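Enquirer:
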Amino acid sequence: MANLDEMYDAAIALQQQGDLDGAIAKLHELLEQDGNWPLAHAALSVFYGKLGEHEKAVAHAHKVCELEPEDPFSFISLSLVCQKAGMIPEAEQAMWQARQAQVAALQKRTQG
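To get our numbering, take the position in the sequence shown, counting from 1, and add 400.
1) Please tell me whether A411 and A423 are closer than 8 Å, where the distance is taken between their beta carbons.
2) How long is the line joining the alpha carbons of D405 and Q493, rounded to whole angstroms?
3) So W496 is in the alpha helix (DSSP H); what residue range does that whole segment cover?
4) Does V503 pass the burial test, meaning 16 or more other C-beta atoms within 10 Å, or should it be called exposed?
5) Please tell me whether A485 and A457 are closer than 8 Å, where the distance is taken between their beta carbons.
6) List the whole-angstrom C-beta distance separating P472 from A505, where the pair is believed to meet the contact cut-off of C-beta under 8 Å.
Here it is in C-alpha coordinates:
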(Lines of atoms letter the chains of each structure in order from A; the text may use other names.)
(Lines give C-alpha, C1' and ligand atoms only; values in the text may rest on other atoms or scores of the structure.)
Protein backbone atom coordinates (compact mmCIF):
# COMPACT_ATOMS: atom_id res chain seq x y z
CA MET A 401 0.00 0.00 0.00
CA ALA A 402 1.31 3.44 -0.90
CA ASN A 403 2.02 5.87 1.90
CA LEU A 404 0.13 9.14 2.17
CA ASP A 405 2.90 11.23 0.61
CA GLU A 406 3.02 8.91 -2.41
CA MET A 407 -0.75 9.03 -2.77
CA TYR A 408 -0.71 12.82 -2.59
CA ASP A 409 2.08 13.00 -5.17
CA ALA A 410 0.11 10.65 -7.44
CA ALA A 411 -2.96 12.88 -7.12
CA ILE A 412 -0.97 15.98 -8.02
CA ALA A 413 0.57 14.15 -11.00
CA LEU A 414 -2.93 13.23 -12.21
CA GLN A 415 -4.03 16.85 -11.87
CA GLN A 416 -0.99 18.05 -13.80
CA GLN A 417 -1.83 15.57 -16.57
CA GLY A 418 -5.30 17.08 -16.79
CA ASP A 419 -7.12 14.28 -14.97
CA LEU A 420 -8.88 16.34 -12.31
CA ASP A 421 -11.46 13.63 -11.59
CA GLY A 422 -8.69 11.07 -11.10
CA ALA A 423 -6.82 13.45 -8.81
CA ILE A 424 -9.94 14.02 -6.72
CA ALA A 425 -10.56 10.27 -6.47
CA LYS A 426 -6.97 9.67 -5.36
CA LEU A 427 -7.23 12.37 -2.69
CA HIS A 428 -10.45 10.85 -1.37
CA GLU A 429 -8.67 7.49 -1.25
CA LEU A 430 -5.94 9.17 0.81
CA LEU A 431 -8.52 10.70 3.15
CA GLU A 432 -10.04 7.26 3.73
CA GLN A 433 -6.70 6.35 5.36
CA ASP A 434 -6.24 9.67 7.18
CA GLY A 435 -9.19 12.05 7.15
CA ASN A 436 -7.13 14.76 8.82
CA TRP A 437 -4.43 15.21 6.20
CA PRO A 438 -4.42 19.01 5.58
CA LEU A 439 -2.71 18.97 2.18
CA ALA A 440 -5.33 16.61 0.77
CA HIS A 441 -8.14 18.88 1.94
CA ALA A 442 -6.32 21.93 0.58
CA ALA A 443 -5.88 20.32 -2.82
CA LEU A 444 -9.51 19.18 -2.90
CA SER A 445 -10.59 22.73 -2.13
CA VAL A 446 -8.65 24.01 -5.12
CA PHE A 447 -9.74 21.21 -7.45
CA TYR A 448 -13.42 21.48 -6.54
CA GLY A 449 -13.15 25.24 -7.01
CA LYS A 450 -11.83 24.67 -10.53
CA LEU A 451 -14.85 22.49 -11.24
CA GLY A 452 -17.21 25.15 -9.90
CA GLU A 453 -18.27 22.90 -7.03
CA HIS A 454 -18.00 25.72 -4.54
CA GLU A 455 -19.85 24.07 -1.66
CA LYS A 456 -17.35 21.21 -1.63
CA ALA A 457 -14.44 23.62 -2.10
CA VAL A 458 -15.54 25.68 0.89
CA ALA A 459 -16.07 22.57 3.04
CA HIS A 460 -12.54 21.35 2.38
CA ALA A 461 -11.08 24.82 2.96
CA HIS A 462 -12.89 24.94 6.31
CA LYS A 463 -11.40 21.56 7.20
CA VAL A 464 -7.90 22.88 6.51
CA CYS A 465 -8.55 25.79 8.89
CA GLU A 466 -9.82 23.37 11.51
CA LEU A 467 -6.68 21.24 11.15
CA GLU A 468 -4.22 24.15 10.86
CA PRO A 469 -5.76 26.95 12.98
CA GLU A 470 -2.43 28.70 13.56
CA ASP A 471 -1.58 28.91 9.85
CA PRO A 472 -2.68 32.26 8.38
CA PHE A 473 -2.45 30.85 4.85
CA SER A 474 -5.25 28.38 5.66
CA PHE A 475 -7.61 31.27 6.31
CA ILE A 476 -6.37 33.26 3.31
CA SER A 477 -7.16 30.25 1.13
CA LEU A 478 -10.59 29.95 2.72
CA SER A 479 -11.19 33.62 2.02
CA LEU A 480 -10.33 33.18 -1.66
CA VAL A 481 -12.54 30.11 -1.99
CA CYS A 482 -15.43 31.94 -0.33
CA GLN A 483 -14.96 34.92 -2.66
CA LYS A 484 -15.16 32.65 -5.70
CA ALA A 485 -18.32 31.11 -4.26
CA GLY A 486 -19.87 34.57 -3.82
CA MET A 487 -19.78 34.24 -0.04
CA ILE A 488 -18.39 37.71 0.66
CA PRO A 489 -19.19 38.02 4.40
CA GLU A 490 -17.60 34.60 4.98
CA ALA A 491 -14.58 35.65 2.89
CA GLU A 492 -14.15 38.78 4.98
CA GLN A 493 -14.43 36.75 8.19
CA ALA A 494 -11.78 34.32 6.98
CA MET A 495 -9.45 37.20 6.09
CA TRP A 496 -9.95 38.64 9.59
CA GLN A 497 -9.07 35.22 11.03
CA ALA A 498 -5.94 35.16 8.86
CA ARG A 499 -4.88 38.49 10.32
CA GLN A 500 -5.55 37.22 13.84
CA ALA A 501 -3.41 34.14 13.15
CA GLN A 502 -0.63 36.36 11.80
CA VAL A 503 -0.71 38.53 14.92
CA ALA A 504 -0.67 35.46 17.17
CA ALA A 505 2.29 33.99 15.28
CA LEU A 506 4.20 37.26 15.53
CA GLN A 507 3.50 37.52 19.26
CA LYS A 508 4.64 33.94 19.74
CA ARG A 509 7.93 34.66 17.92
CA THR A 510 8.65 37.82 19.87
CA GLN A 511 7.92 36.15 23.21
CA GLY A 512 9.99 33.05 22.54
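Here a beta-carbon is modelled for each residue, glycine too, at the ideal position from N, C-alpha and C. Quick caveat, the model's predicted, so the values are computed rather than measured.
Expert: So, to answer that:
1) yes
2) 32 Å
3) 488-511 is the extent of the alpha helix (DSSP H) around W496.
4) exposed
5) yes
6) 7 Å
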